[in-house]
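Scroll down for the structure; my scribbles are underneath it.
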């Protein structure tokens, strides 16, 4: 018999399918389990509705009565013009038990969903794989509590720590597998950001080009006071970026900027995740970034935690997560 932790890990895998596709809503996963087997599975759909619970219940049908629901985020307790409260839907379906990874930071739910389940005499367990669920929804939580989306900084570095040639050109440092990974990151983002220098030297499209993908294209922005091509958004400052996050309700930002923007974001403490692709080439006289030396990124440094390291063809991918806390303000912005 599988444990609650194992079932929740499967629900989190479902949640990841919604990255970059759920609009302002969080990407959530839900499993319905009965007699040791899955009878329903779902994740938040494109644009944020239907929610994961509704998808899983639709698949399970009447078999949901007496089942256990594994949900990566507390079931919502507020009624929306786009659908009923998930807590009420689970109660009406007659589930016997609900396992929740983390509390919803949205003040309209924030404990009310769990309370409603318990009032209906449904056994409810919370905090299973909470840290993993919070990491998955860091952007959603950060936007509600601090007004900032999660920002991932993606950089390609040569063996000698260079980001680009001396003239600023940085295209094709890495191989095909690494470039495909970069497109996957774009597909998971709500916004892709570069600086004015990268725009002028590389003329990047910043679109997610994955064969067979139906994911919506991210917004494209340039941190510059100058003109930008059609289809791009000019942002003169980080304050303007925050204003765009609030206006468009963005949860995930991918930055593919060069050394200047990367250094500024790191110095300002605005980077939540680092995706570093290290290519087996030497550039020599090029543009580097001292803040991304192996020593500075070591776990002992106290600012970053290495979460993954693997080969993508000839290149090495290193993923780091910032060790930081999030403020505690709340706002009712979940559609």
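In the working numbering, the protein residues as written are 11 to 345. Even for Gly, the Cβ is constructed at its ideal location relative to N, Cα and C.
What does the Cβ neighbour count give for residue i, buried or exposed, with the cut at 16 atoms within 10 Å?
i, result
"residue 89", "exposed"
"residue 246", "exposed"
"residue 72", "exposed"
"residue 122", "buried"
"residue 36", "buried"
"residue 325", "buried"
"residue 116", "buried"
"residue 321", "exposed"
"residue 308", "At residue 308, the pLDDT of 47 sits below 50, so the modelled position is not reliable; the number obtained from the coordinates is stated separately. Result: exposed."
"residue 12", "exposed"
"residue 277", "exposed"
"residue 42", "buried"
"residue 220", "exposed"
Can you give the beta carbon distance from residue i to residue j, rounded, assuming they're within the 8 Å contact cut?
i, j, result
"residue 40", "residue 81", "5 Å"
"residue 171", "residue 208", "Actually they do not touch by this definition, with Cβ atoms about 18 Å apart."
"residue 47", "residue 78", "Residue 47 to residue 78, Cβ: 11 Å. No contact."
"residue 163", "residue 173", "Between residue 173 and residue 163 the Cβ distance is about 11 Å, and since that is not below 8 Å, they are no contact."
"residue 196", "residue 217", "7 Å"
"residue 200", "residue 262", "5 Å"
"residue 74", "residue 50", "6 Å"
"residue 76", "residue 64", "Not confirmed; about 19 Å, so no contact."
"residue 291", "residue 211", "Between residue 211 and residue 291 the Cβ distance is about 18 Å, and since that is not below 8 Å, they are no contact."
Beta-carbon within less than 6 Å of residue i's beta-carbon, same chain only, minus the 5 sequence neighbours each way: which residues are those?
i, result
"residue 2", "A question about residue 2 goes unanswered here, because the residues of the chain that appear run from 11 up to 345."
"residue 109", "14, 80, 135 and 138"
"residue 318", "329"
"residue 144", "112"
DSSP puts residue i in a beta bridge; with which residues?
i, result
"residue 164", "285"
"residue 117", "In the DSSP output, where bridge partners are listed per residue, residue 117 has none listed."
"residue 328", "286 and 319"
"residue 314", "332"
"residue 44", "47"
Whose C-beta lies closer than 7 Å to the C-beta of residue i among residues of the same chain, with five residues either side of it excluded?
i, result
"residue 235", "246"
With a threshold of 7 Å, establish whether the CB of residue i neighbours any heavy atom of the ligand FAD.
i, result
"residue 111", "Absence of the ligand FAD from the depicted structure is noted, as is the absence of any ligand whatsoever, leaving it without description."
Closer than 8 Å by C-beta to residue i: which residues in its own chain qualify, once you throw out the five before and the five after it? Chain order, please.
i, result
"residue 359", "Residue 359 lies beyond the stretch modelled for the chain, which goes from 11 to 345, so this question has no answer here."
query: Curious, which full-length beta strand (DSSP E) runs of at least 3 residues does the region 197–263 contain?
result: The region 197–263 contains these whole beta strand (DSSP E) runs: 201–205, 229–233 and 243–245.
message: Report the start-end ranges of each beta strand (DSSP E) in the region 80–112 that is 3 residues or longer and not cut off at the edges.
response: Listed in chain order, they are 107–110.
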